[in-house]
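Asks:
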DNA sequence: CTCTCAACTGTAAACGATTACAGTTAGTCG
DNA sequence: CGACTAACTGTAATCGTTTACAGTTGAGAG
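Residue numbers (my numbering), protein chains in the order written: chain A, 8 to 337; chain B, 8 to 337.
(1) So, is residue 65/A buried or exposed, given that buried needs 16 or more other C-beta atoms within 10 angstroms?
(2) For residue 310/A versus residue 164/A, is the C-beta distance shorter than 8 Å?
(3) Could you pull out every residue in the same chain whose Cβ sits closer than 6 Å to the Cβ of residue 250/B, ignoring the five residues on either side in sequence?
(4) Between which two residues does the alpha helix (DSSP H) holding residue 230/B run?
(5) Exposed or buried, residue 319/B, counting other C-beta atoms within 10 Å across all chains shown (16 or more means buried)?
(6) Could you tell me whether the Cβ of residue 252/A comes closer than 8 Å to any Cβ of chain B?
(7) Evaluate the contact criterion for the region 9 to 24 of chain B versus the region 41 to 51 of chain B: three or more CB pairs, one atom per stretch, below 8 Å.
(8) Which runs of the beta strand (DSSP E) fall wholly inside the region 123 to 179 of chain A and span at least 3 residues, in chain order?
(9) I need the DSSP call for residue 13/A, collapsed to helix, strand or coil.
(10) Please report the residue range of the beta strand (DSSP E) in which residue 220/A lies.
(11) At least one CB of chain B closer than 8 Å to the CB of residue 67/A: is that the case?
(12) Chain B beta carbons: is any one of them nearer than 8 Å to that of residue 235/A?
(13) Could you have a look at residue 188/A and say whether DSSP puts it in helix, strand or coil?
(14) Kindly indicate if chain B contains any beta-carbon less than 8 Å away from that of residue 133/A.
(15) If residue 194/B sits next to residue 224/B, beta carbons under 8 Å apart, how far is it from one beta carbon to the other, in whole angstroms?
(16) Thinking C-alpha only, which one of 246/B, 156/B, 78/B, 116/B is nearest residue 217/B?
(17) At a Cβ threshold of 8 Å, is residue 195/B touching chain A?
(18) Quick check: the Cα distance between residue 267/B and residue 260/B, rounded to an integer number of angstroms?
(19) If residue 77/B sits next to residue 104/B, beta carbons under 8 Å apart, how far is it from one beta carbon to the other, in whole angstroms?
(20) Heavy atom of the ligand SAM less than 7 Å from the Cβ of residue 85/B, yes or no?
(21) Among 315/A, 201/A, 17/A, which residue has its Cα nearest to the Cα of residue 53/A?
(22) Curious, which full-length alpha helix (DSSP H) runs of at least 4 residues does the region 241 to 293 of chain B contain?
(23) Mind checking residue 301/A: buried by the 16 CB within 10 Å criterion, or exposed?
(24) For residue 120/A, go through chain B and note every residue whose CB falls closer than 8 Å to its CB, in chain order.
(25) Ordered along the chain, which non-local residues of its own chain (more than five positions away) have a Cβ less than 6 Å from that of residue 29/B?
(26) Taking all protein chains shown into account, decide if residue 262/B is buried (16 or more other Cβ within 10 angstroms of its Cβ) or exposed.
(27) Taking the beta carbon of residue 215/A as the centre, do at least 16 other beta carbons fall within 10 Å, making it buried, or is it exposed?
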């Protein structure tokens with residue numbers, strides 16, 4: 008009852024291994040050969056060994072998706088988008104998540120040289136020249152989701168979250184808010200940095216109408232982190248609008264505010280980011296900037312498949328536009 | 008600049024390929040040999056080809072996690088638990104999600120014979136004799152999360168969700184609720200079926216105190232599905248308590264109720280299932296039965312690693328106890 | 001009936017690692 | 001200093017496929 012090999016099938020069908028291989032791979036064969044082989048395959052329940060095949064053809068039929076933390080809903084959506092596209096292809100999805108340091112990303116990128124994936128979709132939360140260098144040296148196609156370091160020739164799906172913040176700020180301004188805060192996550196991450204930059208730019212472009220602005224940095228992008236950060240920044244309570252680093256943080260902020268009897272949106276407008284399902288489930292429903300993570304995952308996966316099929320085309324950069332979804336909180 | 012092979016390293020170091028392999032795998036070697044090899048590896052940036060290794064040693068260093076839908080928060084938590092455990096091992100995590108039919112699960116199980124995973128953690132949403140049969144025939148260790156078909160000798164992590172429902176019913180009864188409904192997901196799924204069974208049992212054991220009970224079946228486990236199902240079951244509004252198939256459904260139900268001006272918990276107590284982060288973020292905060300998905304994922308991963316290390320031990324069944332987390336909604 | 005040639009088939013050599021087995025070292029002891 | 005032995009090293013076979021190349025087949029033309 009050992010797992011049948013291609014030679015067992017060949018013997019059973021009375022043909023050569025080459026013929027079996029050819030039938031398996033859909034190359035032309037005499038009808039009689041084909042039926043003999045197919046019968047033998049069915050009888051033995053033969054499944055080709057993927058390692059042997061991978062060794063020979065230098066393809067693993069796997070695609071690796073690599074991001075910081077599977078706990079983050081935005082990455083989950085991204086995974087869903089990638090998964091949906093790959094589901095209809097021959098590729099399997101290898102998840103390389105939960106790296107918590109630059110060193111780990113580097114480690115992971117190094118190990119891509121072992122050839123266990125035919126392509127990589129990566130959304131690095133940290134920027135680092137060594138990471139850039141490693142990505143550049145990778146011999147498999149790479150799609151980068153997020154801010155691509157200049158000079159790195161890879162396909163790139165980008166969403167300008169600073170535009171998203173600008174949408175939020177303009178919206179708040181139109182609603183007559185004048186004292187706008189940003190409750191951000193850590194600034195040593197790409198998303199954190201870009202949110203702060205975008206916020207400053209947006210404020211600057213409206214500076215006549217804005218009376219006060221402030222950035223509060225939480226220790227992570229969680230609801231608890233947001234709650235704690237607010238508790239430690241009492242002056243922010245005097246503001247009339249708060250943009251939060253993501254929907255979870257917005258929910259954490261709303262929890263804090265309701266405990267302090269600061270009403271949303273009357274006393275304080277709240278805008279989240281990511282437009283996750285959460286936004287429509289909490290009360291008041293949450294205005295949120297949709298960064299279209301699932302769609303970006305889909306696009307990235309399609310770009311990758313396209314690039315695998317067509318390795319020489321020039322790298323593409325696809326820019327996705329954030330959308331502001333206005334609900335009751337602002 | 009072709010990828011260096013073990014022979015290149017051997018040549019460079021002036022030793023045989025066998026020695027290189029031995030140094031790579033930590034077997035004893037003369038100090039001089041070891042340093043020569045290590046230097047050559049570093050100079051060439053050698054990474055062993057995983058397919059060649061897999062072919063020879065018949066191990067892929069991959070573990071497959073297979074479940075219905077990556078969109079479901081419970082599975083996401085599970086993935087997180089599995090991921091955390093595997094992160095500290097040599098195994099990579101292969102995700103096989105999004106099967107939408109029995110046929111697809113079968114297809115997937117079949118392909119496990121290709122040897123691309125050393126172990127499988129599966130949480131099948133449907134039951135089917137053919138699935139059972141295929142799992143039994145698999146030559147790699149399997150851990151099943153969920154209800155194991157009798158007679159199937161695999162490691163199993165089980166949570167008795169009917170106990171969870173019982174906790175919820177008892178709790179509601181203690182709070183004086185007498186007309187209790189269950190807003191369930193589809194009954195052709197394992198979770199759906201078990202929730203209904205548990206509900207009926209729990210009601211039966213309290214039947215003196217319960218005046219009315221009803222099961223409403225939504226078309227899926229989503230918040231939208233729950234919302235729609237409630238809208239189509241007006242009589243349920245007369246009930247004074249509603250247990251929901253998961254937290255998302257509970258949120259959907261609460262949305263519907265608030266639109267109908269039925270106040271929670273005064274007019275209607277709500278209990279969710281899964282105790283996701285959502286439960287503490289919505290208002291009123293949601294009482295929920297924690298099915299400990301993340302913990303189950305962790306346990307499953309550990310069971311699998313243990314079984315890989317120790318293939319002959321008897322199958323274990325680990326039963327996890329659901330916990331009722333009481334919050335404001337009940 | 002033989003020849004031609006296109007279409008198919010089989011043989012055997014890869015792919016890049018691991019490892020049994022035999023051969024080589026070099027250290028120790030008398 | 002030589003013999004013995006334990007420890008290391010090298011050669012070559014092997015894992016299960018794919019595929020180049022050469023060999024075979026058979027249908028159709030003459």
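No residue lacks a Cβ here, since even glycine has one placed at the ideal position from N, Cα and C.
Replies: Checking against the coordinates, here is how it stands:
(1) The sequence position of residue 65/A within the first chain is 58, counting from 1. Label assigned to residue 65/A: exposed.
(2) On the first chain, position 303 is the one that residue 310/A refers to. On the first chain, position 157 is the one that residue 164/A refers to. Yes, they are a contact pair.
(3) For the purposes of this step, residue 250/B is identified with residue 243 of the second chain, where counting begins at 1. Answer for residue 250/B: 175, 189, 278, listed in chain order.
(4) The residue labelled residue 230/B in the question sits at position 223 within the second chain. From DSSP, the alpha helix (DSSP H) with residue 230/B extends over 230 to 238.
(5) Residue mapping note: residue 319/B aligns to position 312 of the second chain, counting from 1. So residue 319/B ends up on the exposed side.
(6) The count along the first chain starts at 1 and reaches residue 252/A at position 245. By this cut-off, residue 252/A is not an interface position.
(7) yes
(8) 126 to 130, 149 to 152, 162 to 166
(9) Walking along the first chain from the start, residue 13/A turns up at place 6. Helix.
(10) Numbered from 1 along the first chain, position 213 holds the residue referred to as residue 220/A. Its beta strand (DSSP E) spans residues 219 to 224.
(11) The residue labelled residue 67/A in the question sits at position 60 within the first chain. Yes, because at least one Cβ of chain B sits closer than 8 Å to the Cβ of residue 67/A.
(12) To locate residue 235/A, count along the first chain from 1; it is residue 228. No, its Cβ sits nowhere closer than 8 Å to a Cβ of chain B.
(13) Start at 1 with the first residue of the first chain, and residue 188/A comes out as number 181. Looking at residue 188/A - three-state DSSP - the assignment turns out to be strand.
(14) What you label residue 133/A is simply residue 126 of the first chain in a count that begins at 1. Closer than 8 Å: no.
(15) For the purposes of this step, residue 194/B is taken as residue 187 along the second chain, with counting starting at 1. For the purposes of this step, residue 224/B is taken as residue 217 along the second chain, with counting starting at 1. At roughly 6 Å, the Cβ-Cβ gap stays under 8 Å, so residue 194/B and residue 224/B are in contact.
(16) As a working note, residue 217/B is residue 210 in the second chain. Comparing Cα-Cα distances from residue 217/B to each of 246/B, 156/B, 78/B, 116/B, the minimum goes to 246/B.
(17) Counting from one through the second chain, the residue named residue 195/B turns up at place 188. Taking Cβ atoms only, chain A never reaches closer than 8 Å to residue 195/B, which makes this a no.
(18) To locate residue 267/B, count along the second chain from 1; it is residue 260. To locate residue 260/B, count along the second chain from 1; it is residue 253. The alpha-carbon atoms of residue 267/B and residue 260/B are separated by roughly 11 Å.
(19) Numbered from its first residue, the second chain carries residue 77/B at position 70. Numbered from its first residue, the second chain carries residue 104/B at position 97. That pair is a contact at about 4 Å.
(20) What this structure holds is no ligand at all, so the ligand SAM is not there to describe.
(21) Reading the first chain from its first residue, position 46 is the one you call residue 53/A. Checking every option, the nearest Cα to that of residue 53/A belongs to 17/A.
(22) 254 to 266, 284 to 288
(23) Position 294 of the first chain, counting from 1, holds the residue named residue 301/A. Buried.
(24) Start at 1 with the first residue of the first chain, and residue 120/A comes out as number 113. Result: 10, 52, 54.
(25) The residue labelled residue 29/B in the question sits at position 22 within the second chain. Excluding sequence neighbours, residue 29/B sits near 36.
(26) Along the second chain, one-based indexing puts residue 262/B at 255. Buried.
(27) Sequence index remark: in the first chain, residue 215/A carries index 208 (1-based). Exposed is the call here.
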